[in-house]
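S.K.: I'd like to ask some things about the structure below.
Numbering (UniProt numbering), first residue to last: 1 to 1027.
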């Protein structure tokens, strides 16, 4: 469609068709027309003309305004393709306020959105007068007394104020801050005048204007200042709002009305916004203490009303309004506690986080208000009174809670009993405030809690006992340490004497609540002080909670029992033999719960997490249940859909199942391979969420494979693309690479070696020392397994991938590479040199001296610039003192001896230094005739566990690995490789003798070099070695 055909009628018809609610075909045609028109010059100006035209249908006008609002984000930016030109932008801006008298709120809201989005781009550079323009219009509307116009303009200001946080440049934010004093003066006056008017004589128009002015001013006050307590205008406004808040509460108490309720709620939102963004300035505002005291009086006077929510005896709207106010009340108090306690210290050394943005901290500045708060608010008496009202009224389950528990226990467990945050409910907010008081006033709250628990223990009211247990579970959380298990409570005694008997009680239909809370306490406390004997009592109790024939064991109780079992068994000091007698029955009950009873994925995830922990701890004892678990995992994977948490637990469970059973992994392929392929697919939306748990499963599969097979080969194409420099993932990625190399190194290197080495070369320079160590450890295994082949036909992938040049570059980068990493690279070079020294020298020469090294050594002689071998060898010998482990020193001695065998000029020039190296290594270690020595076998090995590296035969490997986990086929393959390691099988003294004889016999010239480049005294001292 050409530009000459675009006009208001064309655009109107397309908008009308596109907004059709009855004809889908017409709507689709209209959308296609708009997509064609929107890239044409003048289109967005015409959209504005459509919504400004009062003769068009309102639905089309609103749609045009919405389309323009969305088009601004797509086409207003200069860098946008087919962007709106400057003339069209200016034309649109000039008519933005033409419709401020529009009575339709929907259309006015869309126009406000248009203004806000344009301001994001154009203020202040191309529209510096934006705030001034709006303020002048507001003043004019107020002078005329036009309520509709004033309300519309305030709505626009509200949208702009909300969008000001998205202003894109520092200049726009600075300009916005500059306009704040004028804005708050205008909107604050409108609020005060309108509020005074309707408080004396009810006027709905003034109420509506005042409410909107309050929203705007509150937003500006919270976001527009770095410290609102330093300016008179916001301080005066805040002081007036506190008076109004107190009066509104009194008015609503006497005669509840929706308008007054909205004002109370909006003020609460404003106070919370300010304390979140400017914690200390909020405390320093006038009458803040009176405001907090007013809120405290509300939570005390309205405590009984919370138990009446949904009660037929009370007006639902009134009760729900007070519930909302109390939620705000508890939220505000919690934030005030945090702000007060974070700043109740005489030293402030940072201007971030707890202070308003850009504020200079000054203890002298905050000290008076801190002292006032301490004397008038945070006294032991007031703190204890808050704790008392929280425990007696707001922690207690309401009739609504009990009904929800009975009607849908699984849903209740997920959203009602503490696992997930519910900001729209009172009890979670009360728990948050109690938690903050515990964390900051534990010396006051702790004793009060213990007294409450003692009193609750004597009560027959199970709901009161539930409150005590809930508070106890919060207090025992490790981060608070409010309850001292040595001084205050002995958990073993409490569990055996109190919790276990109550857990077996059946004398009330509320016993299920106590059982669920006991399970939570076990989860929180079992890691603190719990003997093996007590754990046995816990197994008995949780087995009882899982009993499906007991009607008191609803889904809430069972799921929390599973969670408690997870924490109980997954402790490092748990004696698993004590649990094994209970395993058959507990497993059966958990399995039926997982596969038959539960319906929500979140609940099933908790049960499966417990099963996963059990599998990991009981190891081979899980074997009888393997097939059942596999069937369940298959259906759960399909059921999980896009729930990454459940799928992660499934992957972890499957890995533990294979590892713990000690079986051949082939029986798991049909289940595991499809899951793995889905999890490591970068196009999968859950890729980043699943990868962390997919890699361990992959590791276990290849480590337990008896041989390479088509199933494992299906995964190989994805491997190289996963290799990254993140250390946490890299460890498992390298384990997978090593396992494939051990399975079939020739196939892996021929088909995927280039891609894998390219990823190594890409990420090695970026890695931390730990990551580099992991990767170098894998290269050590690869070069040991395939050193000769890599230096022969595989030399092309080593050099062509850039890996060899990268290794040299990293090695010689003295500014970034640690000595430890250098030694690891040199050890890898030693393996390559020992495998084929001539090919290694060629690779070094081909790589050349890195540019960075030349820049670091500007005085490098011209002759040395072409002598990469000499530069590398000089660096190599300089790192001799950093080679601390005898195994590393011998490996490097073998590599250097192999280089001498080449008779390369650069090597022979360093012959004397090399002989010094040999001398020290031979003097330190006395090898057997086969080249072995006890000192080579230690706990510390680069990249491999001691249980494999330290073993010298399969029986020893079984003994060592038995301490950790069953020996896998991969461990056997590693052991076989290590048994052929030249470090253990080549006698260094004999090898050096052979090298020297070979070099000397090669020519008279070489023999002369050996004699003339060596110190006679050194040669004489080594006469017993160099024969």
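Ideal Cβ placement from N, Cα and C applies to all residues, glycine included. Because the structure is a prediction, the values reported are computed rather than measured.
In three-state terms, what does DSSP make of residue 548?
M.R.: If DSSP states are grouped into helix, strand and coil, residue 548 belongs with coil.
S.K.: Would you kindly check if the distance between the Cβ of residue 553 and the Cβ of residue 609 is under 8 Å?
M.R.: Going by C-beta atoms, residue 609 is not nearer than 8 Å to residue 553.
S.K.: Cα separation between residue 432 and residue 28?
M.R.: Each residue's alpha carbon lies about 50 Å from the other.
S.K.: Along the chain, where does the alpha helix (DSSP H) containing residue 572 start, and where does it finish?
M.R.: Counting along the chain, residue 572 falls outside any alpha helix (DSSP H), and DSSP gives it neither H nor E.
S.K.: Please name the residue in 808, 247, 325 and 440 whose C-alpha comes closest to that of residue 338.
M.R.: With distances taken between Cα atoms, residue 338 lies closest to 440.
S.K.: Between 305, 756 and 771, which has its C-alpha nearest residue 782's C-alpha?
M.R.: Ranking the options by Cα distance to residue 782, first place goes to 756.
S.K.: Ordered along the chain, which non-local residues of its own chain (more than five positions away) have a Cβ less than 7 Å from that of residue 59?
M.R.: Cβ within range, chain order: 19.
S.K.: Just tell me which of 738, 748, 747 and 803 has its CA closest to the CA of residue 764.
M.R.: The shortest C-alpha separation from residue 764 is found at 803.
S.K.: Using CA coordinates, which residue listed in 857, 790, 146 and 855 is at the minimum distance from residue 834?
M.R.: Among 857, 790, 146 and 855, the Cα nearest to that of residue 834 is on 790.
S.K.: Would you check if the distance between the CB atom of residue 277 and the CB atom of residue 223 is smaller than 8 Å?
M.R.: Yes, the Cβ-Cβ distance between residue 277 and residue 223 is below 8 Å.
S.K.: For residue 65, count neighbouring C-beta atoms within 10 Å of its own C-beta (all shown protein chains included) and say buried if the count is 16 or more, exposed if not.
M.R.: It counts as buried.
S.K.: Could you tell me which whole alpha helix (DSSP H) segments of length 4 or greater appear in the segment 968-996?
M.R.: If we require 4 residues or more, the alpha helix (DSSP H) runs fully inside the segment 968-996 come out as 969-978 and 982-985.
S.K.: What did DSSP end up calling residue 434 once you bin it into helix, strand or coil?
M.R.: DSSP places residue 434 in helix when its eight states are reduced to three.
S.K.: Once you ignore the five residues that flank residue 499 on each side, which residues in its own chain have a CB closer than 6 Å to its CB?
M.R.: Here the set comprises 518.
S.K.: For residue 409, which residues of its own chain have a beta-carbon under 7 Å away from its beta-carbon, when the five flanking residues on both sides are left out?
M.R.: Taken in chain order, the residues that qualify are 554, 555 and 556.
S.K.: Could you pull the start and end residues of the alpha helix (DSSP H) that residue 721 belongs to?
M.R.: Element bounds for residue 721: 719-722.
S.K.: Would you tell me roughly how many angstroms separate the C-alpha atoms of residue 940 and residue 741, rounded to the nearest one?
M.R.: Summary for residue 940: the model assigns pLDDT 43, below 50, so the residue's position carries little reliability, and this model does not support an answer.
S.K.: Can you tell me whether residue 576 is buried or exposed? The criterion is at least 16 other CB atoms within 10 Å of its CB, across all chains shown.
M.R.: Its Cβ having fewer than 16 others within 10 Å, residue 576 is exposed.
S.K.: Hey, would you say residue 181 sits closer than 8 Å to residue 231, going by beta carbons?
M.R.: Result yes, Cβ atoms of residue 181 and residue 231 sit closer than 8 Å.
S.K.: Would you mind stating whether residue 227 and residue 281 have Cβ atoms separated by less than 8 Å?
M.R.: Yes; because the gap between Cβ atoms is below 8 Å, this pair is in contact.
S.K.: Mapping DSSP to helix, strand and coil, what is residue 477?
M.R.: Residue 477: coil per DSSP, three-state reduction.
S.K.: With a cut-off of 8 Å on the beta carbons, I'd call residue 676 and residue 697 a contact; round off their distance for me.
M.R.: Sure, about 6 Å apart at Cβ, within 8 Å.
S.K.: Measuring only the C-alpha atoms, how far is residue 45 from residue 215?
M.R.: Residue 45 and residue 215: Cα-Cα distance of roughly 31 Å.
S.K.: Can you give me the Cβ contacts of residue 39 inside the same chain, cut-off strictly under 7 Å, excluding the 5 residues immediately before and after it?
M.R.: Cβ neighbours of residue 39 beyond the five flanking positions: 82.
S.K.: How about residue 541 and residue 471: do their beta carbons lie closer than 8 Å?
M.R.: No.
S.K.: Using C-beta distances below 7 Å, list every residue in its chain close to residue 825, excluding the 5 sequence neighbours before and after it, in chain order.
M.R.: Taken in chain order, the residues that qualify are 776, 807, 810 and 811.
S.K.: Would DSSP call residue 18 helix, strand or coil?
M.R.: It is helical.
S.K.: Tell me where the alpha helix (DSSP H) around residue 605 begins and ends.
M.R.: Where residue 605 is concerned, the enclosing alpha helix (DSSP H) stretches over 601-618.
S.K.: When burial is assigned at 16 or more other CB atoms within 10 Å of the CB, is residue 551 buried or exposed?
M.R.: Counting Cβ neighbours within 10 Å, residue 551 comes out exposed, since fewer than 16 surround it.
S.K.: Quick check: the segment 148-166 against the segment 96-105, are there 3 or more CB pairs under 8 Å?
M.R.: Taking 8 Å as the limit for Cβ pairs, the verdict is that the segment 96-105 does touch the segment 148-166.
S.K.: Among the candidates 238, 206 and 207, whose CA atom is the shortest distance from the CA of residue 220?
M.R.: Out of 238, 206 and 207, 238 has the C-alpha closest to the C-alpha of residue 220.
S.K.: Does the segment 683-701 come close enough to the segment 643-651 that 3 or more CB-CB pairs lie under 8 Å?
M.R.: The segment 643-651 vs the segment 683-701: in contact.
S.K.: Which residues in the same chain as residue 913 place their Cβ atom closer than 6 Å to its Cβ, once the five residues preceding and following it in sequence are excluded?
M.R.: Excluding positions up to five away in sequence, the list reads 877.
S.K.: In terms of residue numbering, what span does the alpha helix (DSSP H) encompassing residue 86 cover?
M.R.: 86-94 is the span of the alpha helix (DSSP H), which, as asked, contains residue 86.
S.K.: Rounded to whole angstroms, how far is the Cβ of residue 303 from the Cβ of residue 394, which I believe are closer than 8 Å?
M.R.: The pair is a contact, with the Cβ atoms about 7 Å apart (cut-off 8 Å).
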